[in-house]
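Below is one structure, written out as structure tokens; comments come after it.
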Amino acid sequence: MAKVVFEERSDQIFEKGEDRPFRISCDKQSLAGAVSQRACVFCGSRVVLYPIADALHLIHGPVGCAAYTWDIRGALSSGPMLHRHSFSTDLQERDVVFGGEKKLERALRELIARHRPKAAFVYSTCIVGIIGDDMAAVCRKIEAEAGIPVIPVMSEGFKGNKRAGYAAACRAMARLIGQGPTEGISPHSVNLLGDFNLAGETWIIKRYLEQMGVEVVAGVTGDGRVADLMRAHGAALNLVQCSGATMELARMMQRDYGTPFLRVSYLGVDDMAQALYDVADFFGDPLMAARAQELVSRELGALYPQLMELRQDLQGKRAAMYVGGAFKAFSLIKAFRLLGMRVVLAGSQTGTEEDYEELARVSDPGTIIVDDANPLELMNYLLEKDVDVFVGGVKERPIAYKLGIGFCDHNHERKLALEGFEGMLNFAREIHATVMSPVWRFTPRRMALAKEAAA
Amino acid sequence: MTREITSPDYVSTTNACKLCMPLGACLAFKGVEGAAPFLHGSQGCATYMRRYLISHFREPVDIASSSLGENQAIFGGGPNLKKGLVNVINKYGAKVVGIATTCLTETIGDDVPGLVREFLAEAKVETPDGQMPALITVPTPAYGGSHVDGFHAAVLAMVSQLAQPTPAHGGVNLLPGFVSPADLRRLATVTRAYGLRAALAPDYSRTLDAPAMATYEALPAGGVSLNQLRAMGGAKATIELGHCLPGRSAGSWLEMYLNVPLRSLGLPMGVRACDALHQALRELSGRDTPEEIELERGRLIDAMIDGHKYLSGKTAVIYGDEDMVVGVAGWLAELGVRPALCATGGKSGRFPAAIAEVTEGLVRQPARAVDGVDFQQIGEMARQIGPDILVGNSKGYRLARELGVPLVRVGFPIHDRFGGQRLLCLDYQGSQELLDRIINAILAHDQDRHHWGYGYL
Ligand code: SF4
Ligand code: SF4
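Next comes the structure, spelled out in structure tokens:
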């Protein structure tokens with residue numbers, strides 16, 4: 001059994017290949033004092049709704065929650081950029097004592113008049129949950145007044161974890177869907193759920209699909225637009241990308257509009273190709289299937305030689321990952337295998353029991369699977385498994401670097417497209433650039449290891 | 001002459017020019033040796049602040065949280081606070097825990113000092129050296145002020161909760177304010193050059209700009225020690241930097257309760273402010289300014305002469321944390337640049353007077369100083385001014401781009417450039433480096449502007 005730092009967390013860690021059956025406990029509140037890498041409900045909803053670029057995103061609460069989420073994500077828009085601002089009611093002491101409803105009302109009026117958004121999302125933060133503002137009532141009132149959807153997102157930080165925030169965001173979006181016209185939508189049409197257009201990734205996927213003759217109705221939420229969301233129920237199929245952040249919305253749309261969904265991933269060669277084939281299969285159009293095959297073989301033809309060259313250096317190296325959603329990890333394991341590398345640690349902030357079970361199934365023996373980790377645990381595993389590269393986000397980066405380990409940023413702040421075939425090449429290049437950098441030779445830990453090896 | 005602008009009285013905040021109180025408190029606690037910052041609140045706040053600090057310092061910033069959930073929010077967070085303390089002390093080996101509240105715990109009304117007393121009475125925890133850990137508490141609801149207020153509140157808390165009446169030991173207390181690790185190192189070097197032993201509180205110059213190590217240090221070495229903090233009452237004086245401190249600052253507390261004379265100075269940026277610091281150091285040490293520092297001062301004046309024509313008559317918009325803006329405004333005014341707008345999200349109430357003081361006698365037209373504003377308002381005012389240059393943190397990038405003028409980055413956060421933690425702005429040398437950066441930004445801008453390009457400027 002892997003070394004456990006916090007006894008109370010031992011049931012959230014699993015090492016594959018133990019004789020005990022797979023069991024992991026997840027969706028628990030983070031352990032006090034453990035410096036969890038995980039954020040809050042508000043963070044979850046903000047992540048999902050963030051890329052809707054022509055909506056106003058007003059955070060009802062004190063200034064911090066809003067300020068920390070100002071323009072920090074790589075979710076690009078092909079048009080309006082309202083999403084990149086940080087709007088807050090900046091609650092003050094008197095609002096906390098007397099309630100913030102009046103201020104919220106005035107703030108909404110002011111901001112809607114100034115920016116003329118197509119819709120407004122109003123996020124509740126912890127404090128709003130405590131002072132008990134009736135956000136829904138304020139939103140209804142302004143909605144009637146302004147004539148645009150004004151949607152409360154119930155995301156008080158302490159009422160669960162990031163997953164609960166995903167759900168709140170899905171409920172909020174469900175209020176938009178079904179409100180727009182669906183005329184003129186092709187029978188071969190999809191919505192892209194759970195892609196956030198980081199570094200323009202949605203555009204890559206859209207291009208592939210269009211080349212196959214598939215119309216993309218709405219990006220949910222990458223490069224998102226309110227009007228597209230309103231007519232999303234007119235699409236023939238929902239493609240739900242890995243993280244599971246929008247799974248709930250897919251289920252709601254299936255229930256309410258009969259829209260079927262497919263789970264897909266655009267990360268790595270196999271999964272990307274599979275996603276395109278699955279779409280063609282779904283529509284049962286032989287011409288489309290032929291186009292998909294042609295596209296994949298053209299892309300792979302260009303990609304393979306380059307990947308194989310990088311693989312020569314990377315063969316046998318070890319990778320660890322700690323990501324937001326567990327689903328992404330499956331694709332990454334395959335992507336690393338393609339590069340000749342082995343994943344020895346896979347963790348996530350918000351995996352479900354099924355996610356982890358699947359993760360345990362696809363990973364190699366000895367792989368550690370961990371839910372809701374913290375710096376001390378991550379450090380232990382990185383050292384124990386003598387990892388060459390760590391995949392994570394901004395909070396994980398300094399852990400890797402302090403230990404003299406390469407790092408690849410795979411969260412919402414990245415500026416490099418990692419999806420699709422070109423994304424796989426970017427990914428491989430980035431892994432290569434960090435793993436093969438000569439800087440590690442000069443780090444104290446590697447120098448000590450090298451000395452040991454020489455002796 | 002720009003016309004007087006009156007921006008409407010906004011209700012909402014767009015792109016705040018400030019962060020929330022606990023972030024500043026966590027930063028201050030990172031400057032105490034063996035200390036772990038601890039946020040009593042829900043998990044999200046701690047994670048957001050870690051992320052934010054990491055992107056500036058590019059160092060691990062471990063902030064523990066009591067990770068309150070719905071039940072604790074209703075029934076009180078005491079049990080989680082205590083459990084969290086046991087974990088950081090046992091697993092992180094914290095010798096000091098700096099406990100800051102968040103909006104949530106302030107609003108539900110948790111009595112943190114009371115809970116800590118209970119914890120100490122019940123606790124069976126020990127630090128590695130066998131001592132009970134020192135627990136510092138500070139109330140930091142975001143609606144009570146900005147990150148800078150949180151920083152100063154935490155410094156006051158560490159000083160007032162630890163410093164004791166102590167026999168005179170001849171050292172000085174140096175309270176630097178929210179400056180960069182490079183600035184902290186500079187201040188330490190300068191005081192040492194006068195033969196003075198200084199307790200620098202806080203000092204995160206090592207914890208947040210640490211060398212590469214063989215392992216991950218849960219609590220990196222460095223910081224003002226508990227003993228230094230305890231002995232602050234025996235210092236011959238306190239030097240406290242910053243014009244816009246709260247009425248009850250750590251320096252004034254030491255003066256009032258432990259009779260340590262207080263010297264209040266602005267951030268040493270520009271000739272007058274740096275001279276004031278060195279004057280104080282001469283008086284406290286009884287020594288002359290070391291030759292090396294005199295030379296630095298001489299070189300600085302020389303650079304001012306060499307560069308004055310690039311700067312004279314230019315207008316600047318300066319924004320960010322109050323004291324940093326005041327320091328830059330004074331320095332730019334000395335260089336003949338007109339600080340047309342000095343803006344901050346802070347609201348100490350001292351900002352306009354401080355700007356007037358540092359630019360006195362240097363500018364023909366008083367610099368416009370506005371506090372409590374956000375980037376919506378700063379943008380509106382800046383557009384009317386049409387400045388030649390922006391000086392402030394990374395958050396003005398979009399405005400600079402829109403105005404088509406260079407942005408020289410100072411302060412916090414710097415997360416769209418490399419090396420924010422190493423930016424030196426203080427003392428003669430820091431002023432020199434800032435001057436170089438500003439002139440070079442203007443030159444680069446000129447160079448880019450002419451389509452034929454000048455290879456020789
Ligand atoms: S403003 Fe308050 S609630 Fe928001 S992050 Fe800061 S402390 Fe937490
Ligand atoms: S206050 Fe609540 S909503 Fe805001 S960041 Fe903290 S945990 Fe999240």
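Chains as they are written, first to last, in the UniProt record's numbering: chain A, 1 to 455; chain B, 1 to 457. Glycine included, every Cβ here is placed at the ideal spot set by N, Cα and C.
Compare the C-beta of T2(B) against all C-beta atoms of chain A and say whether one is closer than 8 Å. Your numbering for residue 2(B) matches position 2 in the second sequence. The predicted model places T2(B) with a pLDDT of 39, which falls under 50 and marks its position as unreliable, so this point remains unresolved.
Tell me the residue span of the beta strand (DSSP E) that contains P152(A). Within the first sequence, the letter at position 152 stands for residue 152(A). Looking at the DSSP string, the run of the beta strand (DSSP E) that includes P152(A) is V150 to V153.
Does Y322(A) come within less than 8 Å of chain B when only Cβ atoms are used? Position 322 of the first sequence holds residue 322(A). It does not; no Cβ of chain B falls within 8 Å.
What distance in whole Å lies between the Cβ atoms of T207(B) and G223(B), which are believed to be in contact at a cut-off of 8 Å? Taking the first residue of the second sequence as 1, we reach residue 223(B) at position 223. Taking the first residue of the second sequence as 1, we reach residue 207(B) at position 207. Confirmed, about 6 Å.
Per DSSP, what kind of secondary structure is V155(B) in: helix, strand or coil? In the second sequence, residue 155(B) corresponds to position 155, counting from 1. Of the three classes helix, strand and coil, the one that applies to V155(B) here is helix, per DSSP.
As assigned by DSSP and simplified to three states, the class of A66(A): On the first sequence, position 66 is the one that residue 66(A) refers to. Residue state, collapsed to three classes: helix.
Do three or more CB pairs link the region 13 to 20 of chain B to the region 424 to 432 of chain A at distances below 8 Å? no
Inspect the CB distances between the region 325 to 341 of chain B and the region 353 to 366 of chain B and report whether three or more fall short of 8 Å. yes
Please name the residue, chosen from S10(A), A34(A) and L31(A), that lies closest to I24(A) on a Cα-to-Cα basis. Taking the first residue of the first sequence as 1, we reach residue 24(A) at position 24. Among S10(A), A34(A) and L31(A), the Cα nearest to that of I24(A) belongs to S10(A).
On the premise that F196(A) lies in contact with P21(A), defined as a C-beta separation below 8 Å, what is that separation, rounded to the nearest angstrom? Counting from one through the first sequence, the residue named residue 21(A) turns up at place 21. Counting from one through the first sequence, the residue named residue 196(A) turns up at place 196. About 36 Å separates the two Cβ atoms, so there is no contact after all.
Counting only Cβ-Cβ distances shorter than 8 Å, please list the residues of the region 63 to 75 of chain B near chain A, keeping chain order. I63, A64, S65, S66, S67, L68, G69, E70, Q72 and A73
Boundaries of the alpha helix (DSSP H) in which P406(B) is found, first to last residue: To locate residue 406(B), count along the second sequence from 1; it is residue 406. P406(B) -> no alpha helix (DSSP H), and no H or E assigned at all.
Rounded to whole angstroms, what is the Cα-Cα separation between K395(A) and Q365(B)? In the first sequence, the residue the question calls residue 395(A) occupies position 395. In the second sequence, the residue the question calls residue 365(B) occupies position 365. Taking the straight line from one Cα to the other gives about 46 Å.
Identify the contact partners of S55(B) in chain A, using a Cβ-Cβ distance below 7 Å as the criterion. Stepping through the second sequence from its first residue, residue 55(B) is reached at position 55. Within 7 Å Cβ-Cβ: V394.
Quick check: what's the CA-CA separation for A441(B) versus S186(A)? The count along the second sequence starts at 1 and reaches residue 441(B) at position 441. The count along the first sequence starts at 1 and reaches residue 186(A) at position 186. Spanning the two alpha carbons is a distance of roughly 53 Å.
Can you tell which of A400(A), D54(A), V5(A) and P365(A) has the C-alpha that lies nearest to the C-alpha of V88(B)? Position 88 of the second sequence, counted from the start, is the residue given in the question as residue 88(B). Cα-wise, what sits closest to V88(B) is V5(A).
Report yes if the C-beta of C45(B) is less than 7 Å from at least one heavy atom of ligand 1; otherwise report no. Numbered from 1 along the second sequence, position 45 holds the residue referred to as residue 45(B). Yes, ligand 1 has a heavy atom inside 7 Å of this Cβ.
Could you list which residues in chain A have their beta carbon closer than 9 Å to that of C20(B), in chain order? The residue you call residue 20(B) lines up with position 20 of the second sequence. Per Cβ cutoff of 9 Å: P62, V63, G64, C65, A67 and Y68.
In this structure, what does DSSP give as the bridge partners for H57(A)? The residue given as residue 57(A) occupies position 57 in the first sequence. In DSSP, H57(A) forms a bridge with F121(A).
By DSSP's criteria, Q241(A) is part of a beta bridge. Which residues make up the other side? Stepping through the first sequence from its first residue, residue 241(A) is reached at position 241. V264(A).
Counting only C-beta atoms, is Q29(A) closer than 8 Å to chain B at any point? In the first sequence, counting from the first residue as 1, residue 29(A) sits at position 29. Yes, because at least one Cβ of chain B sits closer than 8 Å to the Cβ of Q29(A).
In this structure, how does DSSP classify Y456(B) when only helix, strand and coil are distinguished? Taking the first residue of the second sequence as position 1, residue 456(B) is located at position 456. The answer is coil: DSSP assigns Y456(B) none of H, G, I, E or B.
Say whether chain A places a C-beta atom closer than 8 Å to the C-beta of E59(B). Within the second sequence, the letter at position 59 stands for residue 59(B). Yes, E59(B) counts as interfacial toward chain A.
What are the boundary residues of the beta strand (DSSP E) that includes F390(A)? The residue you call residue 390(A) lines up with position 390 of the first sequence. Per DSSP, F390(A) belongs to the beta strand (DSSP E) from V389 to G392.
Going by the C-beta, is C126(A) closer than 7 Å to any heavy atom of ligand 3? Annotation note on ligand 3: not contained in the displayed structure, which lists ligand 1 and ligand 2 as its ligands.
Can you confirm whether C43(A), when its beta carbon is compared against all beta carbons of chain B, has any partner nearer than 8 Å? The residue labelled residue 43(A) in the question sits at position 43 within the first sequence. Chain B, which has a Cβ nearer than 8 Å to the Cβ of C43(A), makes this yes.
So is M247(A) buried or exposed if we call it buried at 16+ other beta carbons inside 10 Å? Taking the first sequence and counting its residues from 1, one reaches residue 247(A) at position 247. By the 10 Å Cβ count, M247(A) comes out buried.
Identify, in the order they occur along the chain, each residue of the same chain with its Cβ nearer than 7 Å to the Cβ of A250(A), setting aside the five sequence neighbours on each side. Numbered from its first residue, the first sequence carries residue 250(A) at position 250. Same-chain partners within the cutoff: L193, N238, V240 and F261.
Taking contact to mean at least 3 C-beta pairs separated by less than 8 Å, is the region 87 to 104 of chain B in contact with the region 111 to 121 of chain A? no
What's the call for Q377(B), buried or exposed, on a 16-neighbour Cβ count within 10 Å? Your numbering for residue 377(B) matches position 377 in the second sequence. Buried, by the Cβ-count rule.
At which residues does the beta strand (DSSP E) containing S77(A) begin and terminate? Within the first sequence, residue 77(A) is the residue found at index 77, counting from 1. No beta strand (DSSP E) holds S77(A); DSSP gives it neither H nor E.
What runs of the beta strand (DSSP E), each 3 residues or longer, lie entirely inside the region 153 to 227 of chain B? 172 to 175 and 198 to 200
Less than 8 Å between the beta carbons of M154(A) and H60(A), yes or no? Counted from its first residue, the first sequence places residue 154(A) at position 154. Counted from its first residue, the first sequence places residue 60(A) at position 60. No. Outside cutoff.
Find the nearest neighbour of A107(A) within the set G242(B), D9(B) and L184(B), judged by alpha-carbon distance. For the purposes of this step, residue 107(A) is identified with residue 107 of the first sequence, where counting begins at 1. Nearest option by C-alpha distance: D9(B).
Cβ-based contacts, 8 Å cut-off: residues of the region 87 to 102 of chain A near chain B: F87, S88, T89, D90, L91, Q92, E93, D95 and V96
Indicate whether G404(A) and V370(A) have their beta-carbon atoms separated by less than 8 Å. Within the first sequence, residue 404(A) is the residue found at index 404, counting from 1. Within the first sequence, residue 370(A) is the residue found at index 370, counting from 1. The answer is no: Cβ separation not under 8 Å.
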